[in-house]
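Working notes, structure below.
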Amino acid sequence: MYKTTSLSQFNIPSPPPKTTILHRKTTSSRRLSPIFAVASTTAPPSRHQVTHSMPPEKKLKSFKSLESWVSKNILPLRKPVEKCWQPIEFLPDPSQGPDVFVEEVRALRQRVLGLSDEYLVMLVGNMLTEDALPTYQTFVNTFDGVRDETASSPCPWAIWTRAWSAEENRHGRVDMLMVEKTIETWQRESALGDFHYYREKNNPYMGFVYTSFQERATFLTHGNMDRLATKDGDPMLARICGTIAADENAYTRIIEK
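Numbered according to the numbering used here, the sequence shown spans residues 95 to 351.
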């Protein structure tokens, strides 16, 4: 049973007054203009469902024959749950007591002052991708030959999809609070547009290849964010980005297999 800690006992310091606020640095010659999310007044063009871009019997036979191979070569790539990192490991911990917690919050605030506006824009972009990726599980479950119709199927393809989705969900939660509204607005407008194409094809080949290349892309971008955060003086954020990048790189091994 977890012990609940009341935050009311902590004297969390307020942000410094406006007259003494240190502004984040920018690498460009001008400040970035505010970005406002405006709901579109026009509906997106409708698309008709394209069913079965390849013969269903061929897909079923191929993926069924690969199940034992997946169990042997792909499922071992999963990290045991008890060894998985959790977002709270990177954040100030109130269970350590008021003094330590307040000091960690103060240190966090000081570190982020060195981050540029451009960096924060890129961070939001990365979180958009991570927060959307677990939704792919729903789409993968529509593919012929690999569907998980009960959400607890013992099929190796279904087991892999659930584990991958859980991993991605942690990536989207670890530094999510400050960008939650931005991400939700974006998702309502245009999220997952590219992946809709593969979903409409009901083709597991295209779906798994697409998501695997997504893993490679996010490995590169999170790795770059790691290096930039280190350069800007925020080692904890660098550690977060580096940890996520390592996870993404591990999942690219499905393509190597």
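Note that the Cβ used here is the ideal one computed from N, Cα and C, for glycine as well. None of these values were measured; they are calculated from a predicted model.
Proximity winner among the options, relative to residue i (alpha-carbon distances)
i: Pro181; options: Tyr345, Cys335, Asn343 and Thr346; result: Cys335
i: Ala327; options: Ser165, Glu198 and Leu209; result: According to the sequence as given, residue 327 is Gly; it is not Ala. Considering only alpha carbons, the answer is Leu209.
i: Ala339; options: Asn318, Thr324, Lys325 and Leu322; result: Asn318
i: Asp341; options: Glu309, Thr324 and Lys325; result: Glu309
i: Glu198; options: Asp211, Phe184 and Leu207; result: Phe184
i: Arg241; options: Lys325, Gly301 and Pro170; result: Gly301
i: Thr324; options: Ala344, Ser259, Asp211 and Arg205; result: Arg205
i: Ala344; options: Leu169, Pro186 and Gln190; result: Leu169
Rounded separation between residue i and residue j - CA only
i: Asp193; j: Arg203; result: 16 Å
i: Lys155; j: Tyr299; result: 13 Å
i: His316; j: Val175; result: 22 Å
i: Met221; j: Met330; result: 17 Å
i: Ala252; j: Thr223; result: 22 Å
i: Pro188; j: Arg200; result: 13 Å
i: Phe195; j: Glu261; result: 27 Å
i: Pro248; j: Val218; result: 36 Å
i: Asp238; j: Trp179; result: 33 Å
i: Tyr47; j: Leu322; result: Residue 47 cannot be examined here, being either before or after the span of the chain that is shown, 95 to 351.
i: Phe157; j: Tyr304; result: 17 Å
i: Lys166; j: Ser159; result: 13 Å
i: Gly287; j: Ser259; result: Only weak support exists for where Gly287 lies, its pLDDT of 48 falling under 50; the value from the coordinates is given anyway. Each residue's Cα considered, the two are about 18 Å apart.
i: Gln190; j: Trp163; result: 46 Å
i: Glu161; j: Asn297; result: 17 Å
i: Leu207; j: Glu243; result: 47 Å
i: Lys177; j: Met216; result: 29 Å
Exposed unless 16 or more other CB atoms sit within 10 angstroms - verdict on residue i
i: Val234; result: buried
i: Pro250; result: buried
i: Thr255; result: buried
i: Arg307; result: Per the sequence shown, the amino acid found at residue 307 is Phe instead of Arg. So Phe307 counts as exposed.
i: Met272; result: Any reading at Met272 needs caution, since the residue's pLDDT is 46, under 50, leaving its predicted position unreliable; the model's value is listed next. Exposed, by the Cβ-count rule.
Expected contact under 8 Å - CB spacing of residue i and residue j to nearest Å
i: Thr337; j: Phe313; result: Not really, about 12 Å apart at Cβ, beyond 8 Å.
i: Asp320; j: Ala332; result: 5 Å
i: Ala245; j: Arg172; result: That belief does not hold up - the Cβ atoms of Ala245 and Arg172 are roughly 17 Å apart, past 8 Å.
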